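Colleague: Following this message is one structure expressed as structure tokens.
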Amino acid sequence: MPTAAGLLDAGRERLAQGRARLRDSAWSVGQCTLAGGLAWAAAEHLLGHVRPFFAVVAAVVCLGVRAAQRLRRVGELAVGVTVGVAVGDLLVGLIGAGAWQVSLVVGIALLLAVALDGGPLLVAQSGLQAVFVVALPRTPGSGLARWEDALIGGATALLVAALLPADPWRAGRRQAEESLRELATAVRCCARALRARDPAEAEKALGVARGTQPGLQAWSEALTAGREITRLSPWRRGSAEGHDAQERLQVGVDRAARNVRVLVRRVLFALETDEPLPEQVAEELDAFAEAIGSLHRADGPPQELLRLAAELDPEELGVHGLNATVVVGQLRSAVVDLLVAVGVAPARAREALPPAS
Numbered sequence: 010m011p012t013a014a015g016l017l018d019a020g021r022e023r024l025a026q027g028r029a030r031l032r033d034s035a036w037s038v039g040q041c042t043l044a045g046g047l048a049w050a051a052a053e054h055l056l057g058h059v060r061p062f063f064a065v066v067a068a069v070v071c072l073g074v075r076a077a078q079r080l081r082r083v084g085e086l087a088v089g090v091t092v093g094v095a096v097g098d099l100l101v102g103l104i105g106a107g108a109w110q111v112s113l114v115v116g117i118a119l120l121l122a123v124a125l126d127g128g129p130l131l132v133a134q135s136g137l138q139a140v141f142v143v144a145l146p147r148t149p150g151s152g153l154a155r156w157e158d159a160l161i162g163g164a165t166a167l168l169v170a171a172l173l174p175a176d177p178w179r180a181g182r183r184q185a186e187e188s189l190r191e192l193a194t195a196v197r198c199c200a201r202a203l204r205a206r207d208p209a210e211a212e213k214a215l216g217v218a219r220g221t222q223p224g225l226q227a228w229s230e231a232l233t234a235g236r237e238i239t240r241l242s243p244w245r246r247g248s249a250e251g252h253d254a255q256e257r258l259q260v261g262v263d264r265a266a267r268n269v270r271v272l273v274r275r276v277l278f279a280l281e282t283d284e285p286l287p288e289q290v291a292e293e294l295d296a297f298a299e300a301i302g303s304l305h306r307a308d309g310p311p312q313e314l315l316r317l318a319a320e321l322d323p324e325e326l327g328v329h330g331l332n333a334t335v336v337v338g339q340l341r342s343a344v345v346d347l348l349v350a351v352g353v354a355p356a357r358a359r360e361a362l363p364p365a366s
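For reference, each letter of the sequence shown is one residue, going 10 to 366 in our numbering.
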């Protein structure tokens, strides 16, 4: 049964998580709030529509509460909402509302969205907005007012997303920290497996190493979204200076992660076959994990990585046998990948390693 202290700690953790979510989403909430009001005002005053519900719906759906989202996604949602509303508005006056009418309208809207080569978001929103149009009463003589409202809402969302974007690099920085932490965890776990001669621990390390790929992909997508924002937003155009360094770091960490996966697989195989591996390798892996954890805070070539590279002499480490050779070789490659990732010239990064016979 949970203790009072445990419940208090859990409550504090939930509160901290809530504050973090609010902090991360505050700008996006502001975007949705502004876009909804602007869309309503535009439809009401420019087009003379009464209660332009679909203008606000389109604006809020397109933006969503998500920081640093790509303008392509906003545009895709705008098209999806507009297609769904258009199909519903065109057909509801001809066939009325009811069960089979809803099915027909949704089917046509989905087929049109698929024909437009839409992604899952576009297709889903087309069907959903078609349902709204059929289900909600239509004002007599309104014509295609609801479709026009959807156009206004989508255009407003795109305008707000382009002119008032969130910090384009915040999501990338957060994802960088998470990816580096995961990779460092995999390397530490592998070092523990080596010391304990424990295949189960090595299996766990391999799982963690393989699990880094989704985070690395999300990091790449966040950087792409940030670049897109800086190109289209006049207010964020000057913030693209650090993008190249971030992109280089992401590519280097991705390459290092691939080497780490091979390294861990070899460690697992060696432990399962009871093949000896040099004890010093575990210490080098721990040093590598520490260097990985500090990468996102480094302003230049981390000295930890350079010192580690100088220590990776296969002969001094006592490397014998295929598995040990591969493990140390992959570690050497991963260190070079990360040195290049923080701006060291590839030739200099390779020269930091002792010659391998």
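A virtual CB, placed ideally from N, CA and C, is assigned to each residue, including glycine. Here the structure is a predicted model, which means the values were calculated and not measured.
1) Buried or exposed: which applies to D263, given that a residue is buried once 16 or more other Cβ atoms fall within 10 Å of its Cβ?
2) If you run the structure through DSSP and keep just helix, strand and coil, what is T9?
3) Counting only beta-carbon atoms, is A202 nearer than 8 angstroms to chain C?
4) Once you ignore the five residues that flank A64 on each side, which residues in its own chain have a CB closer than 6 angstroms to its CB?
5) Got a sec? Which residues, its chain only, sit under 8 angstroms from A118 by beta carbon, not counting five neighbours each side?
6) For H252, which of helix, strand or coil comes out of DSSP?
7) Do you know offhand how far G45's Cα is from E85's?
8) Taking just the CA atoms, how far does W36 sit from A180?
9) Could you check what DSSP says for T282 in three-state terms: helix, strand or coil?
10) Do you know how far the Cα of R270 is from the Cα of R371?
11) Assign E210 to one of three DSSP states: helix, strand, or coil.
12) As a quick exercise: from A333, L331, L362, E22, pick the residue whose alpha carbon is nearest that of V345.
13) Between the beta-carbon of V276 and the beta-carbon of A211, is there less than 8 angstroms?
14) Please say whether V273 and A195 have beta carbons closer to each other than 8 angstroms?
Modeller: The answer reads as follows:
1) Taking the sequence shown and counting its residues from 1, one reaches residue 263 at position 254. Counting Cβ neighbours within 10 Å, D263 comes out buried, since at least 16 surround it.
2) Examination of residue 9 is not possible in this model, given that the chain is present from 10 through 366 alone.
3) Checking the listed chains, one finds no chain C in this structure; it contains a single protein chain.
4) Translated into positions along the sequence shown, residue 64 becomes position 55. In chain order, A48, W49, A52, D158, I161, G162 place their CB closer than 6 angstroms to the CB of A64, counting only its own chain and leaving out the 5 sequence neighbours on each side.
5) Here residue 118 corresponds to residue number 109 of the sequence shown, with the count starting at 1. The answer, listed in chain order, is V92, G93, V96, G97, S135, G136, Q138, A139.
6) Position 243 of the sequence shown holds residue 252. Residue state for H252 is assigned as helix, using DSSP reduced to three classes.
7) Here residue 45 refers to the residue found at position 36 when the sequence shown is read from its first residue. Here residue 85 refers to the residue found at position 76 when the sequence shown is read from its first residue. Looking at the two C-alpha atoms, the distance is approximately 18 angstroms.
8) Counting from 1 along the sequence shown, the entry for residue 180 is found at position 171. Counting from 1 along the sequence shown, the entry for residue 36 is found at position 27. Approximately 13 angstroms, taken between the alpha carbons.
9) Position 273 of the sequence shown, counting from 1, holds the residue named residue 282. Reduced to three states, the DSSP call for T282 is coil.
10) In the structure as shown, the chain starts at 10 and stops at 366, and residue 371 therefore has no counterpart that could be examined.
11) Within the sequence shown, the letter at position 201 stands for residue 210. Correct three-state label for E210: helix.
12) Position 336 of the sequence shown, counting from 1, holds the residue named residue 345. Restricting attention to A333, L331, L362, E22, the CA atom closest to the CA of V345 is found in L362.
13) For the purposes of this step, residue 276 is taken as the residue at position 267 of the sequence shown. For the purposes of this step, residue 211 is taken as the residue at position 202 of the sequence shown. Yes. Within cutoff.
14) On the sequence shown, position 186 is the one that residue 195 refers to. On the sequence shown, position 264 is the one that residue 273 refers to. A distance below 8 angstroms separates the beta carbons of A195 and V273.
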